[in-house]
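Q: Structure incoming, see below.
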Amino acid sequence: MEGFERLAVFWLAFSFGIHIVLVNLGIGVSVIAPMLKAYSRRAGRPELGEEAYRLLRFYAATYALGGVFGTAFTVYLLSFYPSFVSLLGKMALYNFALAIAMIALHFLSLTVYYYGWGRLGDRVHDAFGALLALSALLIPLGFRSVFAQLNTLEGVEILAGRVVRVDVVEAVLGNPTLPPLYIKSVAASLALTTVAAAAWASLKGRYEIARMYLKPALAFLTLVALAGAWYGWSLRTVEYKFNNIFGGLGLGGEPQLDLSWLLALKVLLWIAQVSAIAYAIARGPRRGSKALLVAAGAALVTVPAGEMLNAFSQYPYFIADRSLVREVLAQLPPSEAEALERALTLLEVNAATRSWVLHIYTLIATTVLLAAAALYAYTTLISRKT
Amino acid sequence: MSPEWILESLRGALEQWASYPEPERRFISAIGIEVHWVILQYVMGLPLISLVAQLLYLKTRDRFWEDLAWKMVKGFVIVFAVGAATGTAAEFGLILLWPNFTEAGGKWIYFPFYAEIYAFIIEVIFVYFLYYGWRRLGPIPRIVLTSLVILGAWYSAAMILAVNSFMVAPTGLQPAYTPGTGPLYGEGYPKITLYIPPEVAGAIDPERAKALGIVVRESEGLVEASLPVKITYRLFWEASKGFTVSQSVLAEVLKPNALEELGEASVAKVLDSILYYTLEVHDPLLYPLKSPVWLPSVGHAIGSGVVISAYTVAGAYALRLLRGSGDAKRSLRALRFSLALAVASLAIQGAVLGHEQALAIAKYAPEVLAAMEGVTDEYFSISRHLLLGIPERLVAFLAYGSFSAPLPSYDQIPVDYCSFPDSPIVDCRPPILVHYLYYTKVGMALALGVATLALLVKLYRWGSLGRRDLVVVAASPLVAQTVSFLGWAVREVGRKPFTVYGLFTPAEAANPVGPDTASLALVGVYLLAILAVLGWAVYRFLWR
């Protein structure tokens, strides 16, 4: 791989890493905040309603930032690998369509729920809260079904190298790697959000609130581990990817790119979170506040680490199922097969992006803007000075 | 000029528009883009109004200006977030409905999309910084942040318009009309200039190429070819169909021995090599920015944003006065300020920015000018048959500096100037529908300008407006948005039958496995319903 390809992959991973952390927090908040608010009213505990609003305010302030890095990822992908994006538009049309429809609904429900806080009647407000949670859970169903299709294609008929038919249900829901991947993703979002919210509350001296999050966090982390194991099992037919993840541990065949160390790191980070939370449950959030900070730090690293493991374990291929790709390529004359094979790997970027000016521009703009984002976060979320 | 003929012309115009490829997908795309545009204009205009109010506050220390500036920021934050959501929908819509266009765009004109990301990040960071930090920051930091927000918004607009301008008039376009020469279709125009890489240039027989209207020149070691759009479009079409060189029009321009060698190569590969080489000669980052209509388009779009925002602010305060809510004195003051801004910005938009845009269209898209002005006797022309041809002469003066200069005639554009056997395009002319859209737009804009100028004079003279006048001002944002909507429609519809002028049409850009018409209609209804509830939410929570 040459310098420009390395840089392209770096920018893709970088933007996706930031996007995925913010998105995971967003999904967690969208599910937890409406539940907390409704429970607060029923249980007569206004402090839970205040906590729900705090979570929501954080989400409202970071929503667009998460979105913009998602857009950056899409644009990088389009610029560096345009032929693959075109193929993806045909193969995963309905998967993306589900995600977009839910993004629109999610944005609507977030706007109404956030700005309608204290202004709408409880029933209407709760209904929008339910929509907020539902759409937050369905957006990743759309996107994860795309990831599942990149493991192994289902419901897509390819003839002479061209997508000729897509079975909507099969393509969106019929992929065997989707259920564990989806459950694991949602559980990870909820685990990250509860762990981070517990750490934040204990840091601010709201120990009772912090305590409330601890047991659910433990439950979500357990679900992550179970779904993670299931996902690993579901990948056994996708040999290339399975071997890269598990081969180094003696499971499966010889890895082409041994990423078992990343899996081990993920497991260690998971253990760190579980231990820290167990400690905070046993000693109370006041005495366990440092442990909770460690757990939150570990959780924030675990999410991108998991994504990198999932993505890079099929590197350099966009579609991990090599036997399926070989079958498709075999139908084509050599020159077309070569072109399609190139479009399905990350090994050759769009020739027009082979420019140092482009990457220097990207580096400077990203650095300056991230510094500004940090200043923004400090001024609005941390600093109390006027 | 019978009513039957007028109706017949309108029906013919609609049928012509629908006869171009993929009408259903074009319609659904139009909804997505127009909805995004409706919102984007506030993103470009509201921060400027806030900045003006902040500068006035800095000068006068009058709290009124600070409050007004804060209201604009609040409004901006919500429309910005709505714009981000509709933009995401539009972006994915583009990838899903027109994946072959996205691939071509990603390959050759990706840079504006790429650069726009940073504009977007600038907006996101500084908008929220301004909003959440407003009460913790002094006037100067706020002014700096607002200026950065404006920078982000305008930079973003400039980048997206670079792509759109390339679609209207790609870099290297040589139009088929000048007032001095008249129409040049007989000489193979319009043409697009591309640079030929040495390995392909050596294979071309210049004499055979000339027979197809291709002019090959060599200067400073570079081989430059001016290709009729009939050829460029054909090459893109052949590439989309998976043709080889021996099946292609390229076979007619290659030297016989080169044809033997290259015959089995794919047209897509040869076309790729020509376009990448052209990019290299121009600089890949600058190539799309060299579209000749880019800068006027940017000015016109930003102007539109300011006009719409100013009218919306004026309309909102008029509504307040009508409802009797809030402090009437302050509302009246805000109304005076925003209405003055609306009238001034509309005048600049029409007389300066719109004029520059029209000049660029007249020079580089004469077919579109002919359609817009209705220079035809085949269809009913508002300009010719209702207004006695006066607008035509006025346009001739504005565009070419002489009242007697001839305008390009719609009736003289050959229907097949871009097509070839088997091509999905039968009629190469832009839809005459744009004439009716354009004249409706101009008529409404003039009426809006005159009415609001009269109301502004009245307001300054008597210090207040009557109920009926306030209703007019309250309705003015809808009129202004309709004018702007029509303007964008003229641009998008006027580019048809092409998606990117001279290169490809919706037939080649479309997704071959896309959804059917009913599903697309359902998606359209779903998006419009979401937008309706969002509109209600913005009004209810932000304004009231």
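Residue numbers (our numbering), protein chains in the order written: chain A, 1 to 386; chain B, 387 to 930. Where a beta carbon is used, it is the ideal one built from N, C-alpha and C, also for glycine. A quick note: this is a predicted structure, and the numbers were derived from the prediction, not measured.
With a threshold of 16 other CB atoms inside 10 Å of the CB of residue 481 of chain B, please say whether the residue is buried or exposed.
A: What you label residue 481 of chain B is simply residue 95 of the second sequence in a count that begins at 1. It is buried - the Cβ of residue 481 of chain B has at least 16 other Cβ atoms within 10 Å.
Q: Can you grab the Cα-Cα spacing for the pair residue 240 of chain A / residue 321 of chain A, in whole Å?
A: Taking the first sequence and counting its residues from 1, one reaches residue 240 of chain A at position 240. Taking the first sequence and counting its residues from 1, one reaches residue 321 of chain A at position 321. Computed Cα separation, rounded: 7 Å.
Q: If you compare alpha carbons, which of B:802, B:818, B:627 is closest to residue 811 of chain B?
A: Along the second sequence, read from residue 1 onward, the residue named residue 811 of chain B stands at position 425. For residue 811 of chain B, the nearest C-alpha among the options comes from B:802.
Q: Hey, quick one: how far does the alpha helix (DSSP H) through residue 528 of chain B stretch, first residue to last?
A: The residue given as residue 528 of chain B occupies position 142 in the second sequence. Here the alpha helix (DSSP H) through residue 528 of chain B covers 525-554.
Q: Examine chain B for any beta-carbon lying closer than 9 Å to the beta-carbon of residue 100 of chain A, and answer yes or no.
A: Taking the first sequence and counting its residues from 1, one reaches residue 100 of chain A at position 100. Chain B, which has a Cβ nearer than 9 Å to the Cβ of residue 100 of chain A, makes this yes.
Q: So the beta strand (DSSP E) residue 614 of chain B belongs to, where does it begin and stop?
A: Here residue 614 of chain B is taken as the residue at index 228 of the second sequence, counted from 1. Counting along the chain, the beta strand (DSSP E) containing residue 614 of chain B begins and ends at 608-614.
Q: Run through DSSP, which three-state label would residue 935 of chain B get?
A: There is simply no residue 935 of chain B to check, as chain B begins at 387 and stops at 930 in what is shown.
Q: Any contact between the stretch 7-18 of chain A and the stretch 112-120 of chain A? By contact I mean 3 or more CB pairs, one from each, below 8 Å.
A: Per the Cβ contact rule, the stretch 7-18 of chain A is not in contact with the stretch 112-120 of chain A (fewer than 3 Cβ pairs under 8 Å).
Q: Taking residue 319 of chain A and residue 150 of chain A to be in contact with their CB atoms under 8 Å, please state how far apart those CB atoms are, rounded to whole angstroms.
A: Locating residue 319 of chain A in the first sequence gives position 319, counting from the first residue. Locating residue 150 of chain A in the first sequence gives position 150, counting from the first residue. Confirmed, Cβ separation roughly 6 Å.
Q: Give the DSSP-derived three-state secondary structure of residue 563 of chain B in the structure shown.
A: Within the second sequence, the letter at position 177 stands for residue 563 of chain B. Residue state, collapsed to three classes: strand.
Q: How would you write the range of the beta strand (DSSP E) that residue 159 of chain A sits in, first residue to last?
A: Looking up residue 159 of chain A in the first sequence gives position 159. Start and end: 156-159.
Q: Given a threshold of 16 other Cβ atoms within 10 Å of its Cβ, counted over all protein chains shown, does residue 214 of chain A qualify as buried or as exposed?
A: On the first sequence, residue 214 of chain A is found 214 positions in, with the first residue counted as 1. Residue 214 of chain A comes out buried.
Q: Check residue 778 of chain B in the structure and name its three-state DSSP category.
A: The residue you call residue 778 of chain B lines up with position 392 of the second sequence. Of the three classes helix, strand and coil, the one that applies to residue 778 of chain B here is helix, per DSSP.
Q: Am I right that residue 684 of chain B and residue 431 of chain B are in contact with their C-beta atoms under 8 Å? What's the rounded C-beta distance?
A: Counting from one through the second sequence, the residue named residue 684 of chain B turns up at place 298. Counting from one through the second sequence, the residue named residue 431 of chain B turns up at place 45. Contact flag wrong, Cβ pair sits at about 14 Å.
Q: Check whether the Cβ atoms of residue 750 of chain B and residue 666 of chain B sit closer than 9 Å, and answer yes or no.
A: Taking the first residue of the second sequence as position 1, residue 750 of chain B is located at position 364. Taking the first residue of the second sequence as position 1, residue 666 of chain B is located at position 280. Cβ atoms of residue 750 of chain B and residue 666 of chain B: not closer than 9 Å.
Q: Starting from residue 56 of chain A, follow the alpha helix (DSSP H) in both directions and report where the run begins and ends.
A: Start at 1 with the first residue of the first sequence, and residue 56 of chain A comes out as number 56. That run of the alpha helix (DSSP H) goes 46-80.
Q: Output needed for residue 514 of chain B: all residues of its chain with C-beta closer than 8 Å, excluding positions within five of it in sequence on either side, in chain order.
A: Along the second sequence, one-based indexing puts residue 514 of chain B at 128. Beyond the five residues adjoining it in sequence on each side, residue 514 of chain B comes within less than 8 Å, by CB distance, of 463 in the same chain, given in chain order.
Q: Please state if the CB of residue 913 of chain B and the CB of residue 418 of chain B are separated by a distance shorter than 9 Å.
A: Along the second sequence, one-based indexing puts residue 418 of chain B at 32. Along the second sequence, one-based indexing puts residue 913 of chain B at 527. The answer is yes: Cβ separation under 9 Å.
Q: Quick one: is residue 493 of chain B near chain A, going by C-beta distance under 9 Å?
A: Here the question's residue 493 of chain B lines up with position 107 in the second sequence. Answer yes: the Cβ-Cβ gap between residue 493 of chain B and chain A drops below 9 Å somewhere.
Q: Relative to the C-alpha of residue 255 of chain A, which candidate in A:246, A:262, A:192, A:263 has its C-alpha closest?
A: Residue 255 of chain A sits at position 255 when you count from the first residue of the first sequence. Among A:246, A:262, A:192, A:263, the Cα nearest to that of residue 255 of chain A belongs to A:246.
Q: Examine the ligand GTP and report whether any of its heavy atoms sits within less than 8 Å of the Cβ of residue 135 of chain A.
A: As for the ligand GTP, it is missing from this structure, which has no ligand bound.
Q: Name the residue from A:298, A:367, A:171 whose alpha carbon lies nearest to the alpha carbon of residue 95 of chain A.
A: Looking up residue 95 of chain A in the first sequence gives position 95. When each option's Cα is compared against that of residue 95 of chain A, the closest is A:171.
Q: Once DSSP output is grouped into helix, strand and coil, what is the label at residue 186 of chain A?
A: Here the question's residue 186 of chain A lines up with position 186 in the first sequence. Here residue 186 of chain A sits in helix by DSSP.
Q: In the stretch 785-851 of chain B, which residue ranges form an unbroken alpha helix (DSSP H) of at least 4 residues, counting only runs that do not cross its ends?
A: 819-848
Q: Are the CB atoms of residue 189 of chain A and residue 301 of chain A nearer to each other than 9 Å?
A: Counting from one through the first sequence, the residue named residue 189 of chain A turns up at place 189. Counting from one through the first sequence, the residue named residue 301 of chain A turns up at place 301. Against a cut-off of 9 Å, the Cβ pair of residue 301 of chain A and residue 189 of chain A comes out as no contact.
Q: At a Cβ cut of 8 Å, what residues of the stretch 694-725 of chain B count as close to chain A, listed as they run along the chain?
A: none
Q: Return the residue from the list B:413, B:402, B:400, B:399 that minimises the CA-CA distance to residue 904 of chain B.
A: Residue numbering aside, residue 904 of chain B sits at position 518 when the second sequence is read from its first letter. The shortest Cα separation from residue 904 of chain B among B:413, B:402, B:400, B:399 belongs to B:413.
Q: Out of B:562, B:433, B:468, state which residue places its alpha-carbon closest to the alpha-carbon of residue 794 of chain B.
A: Numbered from its first residue, the second sequence carries residue 794 of chain B at position 408. Ranked by Cα distance from residue 794 of chain B, the options B:562, B:433, B:468 are led by B:562.
Q: Taking the alpha helix (DSSP H) that residue 300 of chain A falls in, what are its first and last residues?
A: On the first sequence, position 300 is the one that residue 300 of chain A refers to. Per DSSP, residue 300 of chain A belongs to the alpha helix (DSSP H) from 289-312.
Q: Against chain B, does residue 107 of chain A count as a neighbour if the rule is that its beta carbon must be under 9 Å from one of theirs?
A: On the first sequence, position 107 is the one that residue 107 of chain A refers to. Chain B, which has a Cβ nearer than 9 Å to the Cβ of residue 107 of chain A, makes this yes.
Q: Using the C-alpha atoms, what's the distance from residue 757 of chain B back to residue 821 of chain B?
A: Position 435 of the second sequence, counted from the start, is the residue given in the question as residue 821 of chain B. Position 371 of the second sequence, counted from the start, is the residue given in the question as residue 757 of chain B. Cα-Cα distance, rounded: 6 Å.
Q: Sort B:696, B:719, B:682 by Cα distance to residue 747 of chain B and report the nearest one.
A: The residue given as residue 747 of chain B occupies position 361 in the second sequence. Measuring from the Cα of residue 747 of chain B, the nearest candidate turns out to be B:682.
Q: Taking CB distances under 9 Å as the criterion, tell me whether residue 628 of chain B reaches chain A.
A: On the second sequence, residue 628 of chain B is found 242 positions in, with the first residue counted as 1. Judged by the 9 Å Cβ criterion, residue 628 of chain B is in contact with chain A.
Q: DSSP three-state call for residue 406 of chain B: helix, strand or coil?
A: Taking the second sequence and counting its residues from 1, the one referred to as residue 406 of chain B is at position 20. Looking at residue 406 of chain B - three-state DSSP - the assignment turns out to be coil, as it is neither helix nor strand.
Q: Within 10 angstroms of the Cβ of residue 47 of chain A, are there 16 or more other Cβ atoms? Answer buried if so, exposed if not.
A: What you label residue 47 of chain A is simply residue 47 of the first sequence in a count that begins at 1. Exposed: under 16 other Cβ atoms inside 10 Å.
Q: For chain A, find out if any of its Cβ atoms is closer than 9 Å to the Cβ of residue 853 of chain B; answer yes or no.
A: For the purposes of this step, residue 853 of chain B is identified with residue 467 of the second sequence, where counting begins at 1. No - not a single Cβ of chain A is within 9 Å of the one on residue 853 of chain B.
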